[in-house]
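J.: Residues in the sequence shown are numbered consecutively from 1, following the UniProt record's numbering.
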Amino acid sequence: MTDKLIIFDTTLRDGEQSPGASMTKDEKLRIARLLERLKVDVIEAGFPASSNGDFEAVRLVANAIKDSTVCGLSRANDRDISRAAEALKGAASSRIHTFIATSPLHMEKKLRMSPDEVFEQAKLAVRFARNLVGDVEFSPEDGYRSDMDFLCRVIEAVIAEGATTINVPDTVGYAIPELYGTFIKTLRERVPNSDKAIWSVHCHNDLGMAVANSLAGVKIGGARQVECTINGLGERAGNCSLEEIVMAVKTRRDYFGLDMGIDAQHLLAASRMVSQTTGFVVQPNKAVVGANAFAHASGIHQDGVLKARDTYEIMRAEDVGWSHNKIVLGKLSGRNAFKQRLVELGVTMESEADINTAFARFKELADRKSEIFDEDILALVSDEEGSNVGEQFGFVSLSQHSETGERPQARVVFTVQGKEVTGESDGNGPVDASLKAIESHVRSGAEMVLYSVNAISGSTESQGEVTVRLQNAGRVVNGVGADPDIVVASAKAYLSALNKLQSQADKVVAQG
Ligand SMILES: [Zn+2]
């Protein structure tokens with residue numbers, strides 16, 4: 001048993017499955033690059049067989065990432081596995097993660113397969129995958145609610161076929177720390193060849209215990225890989241949160257005695273990028289990365305921290321990236337300062353031309369707004385990628401008129417497959433009128449399930465960041481837009497959501 005804890009990030013796969021959190025391939029690549037800087041051991045980049053878009057995203061990430069293993073998910077069949085292997089071909093280090101459900105409920109109701117059939121399929125899938133790559137992870141889906149004897153039989157067989165990591169998911173978030181830890185421990189004791197594989201935990205947060213369960217799986221069960229996501233992003237109540245696991249194991253090294261490769265200084269940047277990309281806002285009291293995580297408001301605490309910081313602080317804010325965010329750029333900041341800031345924020349730009357375009361937009365923004373915060377820069381960069389050529393819809397300009405006692409009117413110019421069109425409409429407010437102006441042309445039929453405005457850096461001078469969540473034909477997507485003018489930000493967010501609805505049209509959804 002090694003004393004290193006492997007951090008397996010699944011923000012781009014399990015996290016993305018959260019309704020509305022779908023990301024474009026460029027967004028995935030940007031997050032993957034930051035995960036690499038964070039020194040995550042394994043990046044699960046997607047589920048290549050689920051859609052052409054996901055295949056492309058995994059391929060893009062596999063080709064770009066050098067320091068982390070890139071992993072692709074697949075169901076336990078040859079077609080899915082071949083597709084994953086194909087997408088991962090360009091990776092410096094690759095892993096195939098294959099899964100099949102093993103709980104009585106899932107086998108009977110979902111797969112309609114007998115336990116013997118599941119057993120055979122698991123074996124064949126791992127054998128097939130091992131012929132394609134050397135690093136194969138197997139997950140018995142809904143593992144925690146599976147029959148112990150059957151699970152031992154399946155795991156023993158897949159290890160014999162060459163599975164190098166065995167991941168035991170609590171797919172539905174039903175586990176309790178002590179019980180889950182003991183469950184992993186029992187499996188490791190009972191499976192004869194258990195020492196031939198690394199054991200992994202994958203917990204969901206339905207009862208708020210994903211982090212606690214994962215830590216118990218490590219401490220009691222002896223697992224040496226944790227699967228987690230930035231900000232705990234994921235379906236329902238989410239996955240185990242990466243920043244919490246990492247800081248728990250680091251802060252209580254006295255108890256866990258484990259090493260990790262993670263560079264925690266980038267945790268905050270990763271949190272912000274994921275939140276900004278998906279539109280899933282981080283609550284202020286969120287551990288490690290929430291706005292209040294290191295704020296000592298009460299007088300007694302403040303006094304204590306001023307006298308000696310460890311009276312109330314168990315972690316240092318700067319160790320997870322907080323202090324870096326104080327620096328502000330402005331109108332007079334040069335291209336180098338801007339470029340340096342991008343690097344610190346974990347944003348990698350492909351070419352000098354891309355940096356020049358982003359810098360031009362930065363200057364434009366600096367003319368309208370005296371202080372530019374990190375959040376502004378991230379918003380600017382994601383906006384930049386959102387306006388990629390080849391997207392169905394793009395924002396051009398907007399004008400609107402509103403006056404007390406009069407019904408607001410808006411006129412929006414935007415592109416549809418590169419061709420400019422103009423939509424006009426009235427509405428209950430300027431935002432409503434603008435979005436209706438877009439709809440008057442597009443006629444998407446999508447239903448809006450969420451609209452929110454957030455001041456990026458806290459004052460009225462700041463940019464407004466708008467999130468629009470649209471639902472259509474069973475798909476849910478989020479669009480995010482930023483601008484000092486919240487009506488413009490709203491139109492951008494709406495167009496970005498429409499683009500995502502288009503690109504998600506063929507996606508199959510899977511668990512794991
Ligand atoms: Zn999961």
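Ideal placement from N, C-alpha and C gives every residue a C-beta, glycine not left out.
Do you know offhand how far Ile456's Cα is from Pro284's?
T.: Each residue's Cα considered, the two are about 14 Å apart.
J.: What do you get for Gln417, buried or exposed, if any count of 16 or more other CB atoms within 10 angstroms of its CB means buried?
T.: Label assigned to Gln417: exposed.
J.: Does the distance from the C-beta atom of Val246 to that of Ile262 stay below 8 Å?
T.: Result yes, Cβ atoms of Val246 and Ile262 sit closer than 8 Å.
J.: Using only alpha-carbon positions, find the residue among Phe47, Ser74, Ile43 and Glu86 that is nearest to Lys66.
T.: Of the listed residues, the one whose Cα sits closest to Lys66 is Ile43.
J.: Taking the alpha carbon of Leu179 as the point to measure from, which residue in Asn213, Ser503, Ala101 and Gly429 has its own alpha carbon closest?
T.: Leu179 has its Cα closest to that of Asn213, out of Asn213, Ser503, Ala101 and Gly429.
J.: Which parts of the region 177 to 216 are runs of the beta strand (DSSP E), unbroken and 3 residues or longer, counting only runs that do not cross its ends?
T.: Here the runs fully enclosed are 198 to 203.
J.: Using a Cβ-Cβ cutoff of less than 7 Å, which residues in the same chain neighbour Thr251 once the five nearest sequence positions on both sides are dropped?
T.: Only Ile314 and Met315 meet the Cβ criterion.
J.: The alpha helix (DSSP H) spanning Cys228 covers which residue range?
T.: First-last for Cys228: Gln225 to Cys228, but that is the beta strand (DSSP E), not the alpha helix (DSSP H).
J.: Relative to the alpha-carbon of Leu215, which residue among Thr182, Leu73 and Val449 has its alpha-carbon at the smallest distance?
T.: Minimum Cα distance to Leu215 is reached at Thr182.
J.: Our contact map puts Val126 next to Val158 with C-beta atoms below 8 Å; I'd like the distance itself, whole angstroms only.
T.: Confirmed, Cβ separation roughly 4 Å.
J.: With a threshold of 16 other CB atoms inside 10 Å of the CB of Asp135, please say whether the residue is buried or exposed.
T.: Buried: at least 16 other Cβ atoms inside 10 Å.
J.: If we ignore side chains and look at the alpha-carbon of each, how far apart do Arg411 and Glu465 end up?
T.: Rounded to the nearest angstrom, the two C-alpha atoms are 21 Å apart.
J.: Going by beta-carbon coordinates alone, are Gly423 and Ala437 separated by less than 8 Å?
T.: Cβ distance < 8 Å, so Gly423 and Ala437 count as in contact.
J.: Please classify Thr229: is it buried, with 16 or more other beta-carbons within 10 angstroms of its beta-carbon, or exposed?
T.: It counts as buried.
J.: Can you name the start and end residues of the beta strand (DSSP E) that Cys152 belongs to?
T.: Premise fails: Cys152 lies in the alpha helix (DSSP H), Met148 to Ala160, not in any beta strand (DSSP E).
J.: Looking only at its own chain, which residues have a Cβ that is under 7 Å from the Cβ of residue 545, when we skip the five neighbours before and after it?
T.: In this structure the chain extends from 1 to 512, so residue 545 is not present and cannot be described.
J.: Got a sec? Which residues, its chain only, sit under 6 Å from Lys492 by beta carbon, not counting five neighbours each side?
T.: Answer for Lys492: Phe395 and Gly481, listed in chain order.
J.: Locate the alpha helix (DSSP H) running through Val249, then write down its first and last residues.
T.: Residues Leu242 to Thr251.
J.: In this structure, what does DSSP give as the bridge partners for Ile372?
T.: BP columns for Ile372 point to Leu329.
J.: Counting pairs of Cβ atoms below 8 Å between the region 447 to 454 and the region 351 to 369, do you hit three or more?
T.: No, the region 447 to 454 does not touch the region 351 to 369.
J.: Do Gly143 and Pro169 have their C-beta atoms within less than 8 Å of each other?
T.: Yes, Cβ-Cβ distance for Gly143 and Pro169 is below 8 Å.
J.: If we require 3 or more residues per run, which beta strand (DSSP E) segments fall completely within the UniProt region "Regulatory domain" (394 to 512)?
T.: Counting whole runs of 3 or more residues, the UniProt region "Regulatory domain" (394 to 512) contains the beta strand (DSSP E) stretches 409 to 416, 419 to 426, 447 to 455, 464 to 472 and 475 to 483.
J.: I want to check one thing, is the minimum distance from the CB of Asn239 to the heavy atoms of ligand 1 below 7 Å?
T.: It does: the Cβ of Asn239 is within 7 Å (strictly closer) of some heavy atom of ligand 1.
J.: When the Cα atoms are used, what is the spatial distance from Asn325 to Glu406?
T.: Residue confidence for Asn325 is low, a pLDDT of 46 falling below 50, so the modelled location carries little weight; the figure read from the coordinates is stated next. Taking the straight line from one Cα to the other gives about 43 Å.
J.: Nearer than 7 Å: is that true of the beta carbon of Thr98 relative to any heavy atom of ligand 1?
T.: No, Cβ of Thr98 sits at least 7 Å from all heavy atoms of ligand 1.
J.: Quick check on DSSP: helix, strand or coil for Lys352?
T.: According to the sequence displayed, residue 352 carries Glu and not Lys. Helix, per DSSP.
J.: When the Cα atoms are used, what is the spatial distance from Leu105 to Arg75?
T.: Rounded to the nearest angstrom, the two C-alpha atoms are 18 Å apart.
J.: Out of Gln276, Val226, Arg253 and Val476, which has the shortest C-alpha to C-alpha gap to Asp374?
T.: Measuring from the Cα of Asp374, the nearest candidate turns out to be Gln276.
J.: Beta carbon of Ala160, beta carbon of Asn131: below 8 Å?
T.: No. Outside cutoff.
J.: Please tell me whether Lys196 and Gly221 are closer than 8 Å, where the distance is taken between their beta carbons.
T.: No, the Cβ-Cβ distance between Lys196 and Gly221 is not below 8 Å.
J.: Which runs of the alpha helix (DSSP H) at least 4 residues long sit entirely within the region 70 to 150? Give them in chain order.
T.: Runs found: 78 to 87 and 115 to 130.
J.: Any heavy atom of ligand 1 closer than 7 Å to the CB of Pro430?
T.: Because no heavy atom of ligand 1 lies under 7 Å away, the Cβ of Pro430 does not count as near it: no.
J.: Please tell me whether, using a cut-off of 7 Å, the distance from the CB of His106 to the nearest non-hydrogen atom of ligand 1 is below it.
T.: No, the beta carbon of His106 sits no closer than 7 Å to any heavy atom of ligand 1.
J.: How about Ala129 and Arg83: are their beta carbons less than 8 Å apart?
T.: Contact: no.
J.: Ends of the alpha helix (DSSP H) at Asp26?
T.: It spans Lys25 to Arg37 - the alpha helix (DSSP H) in which Asp26 sits, taken as one unbroken run.
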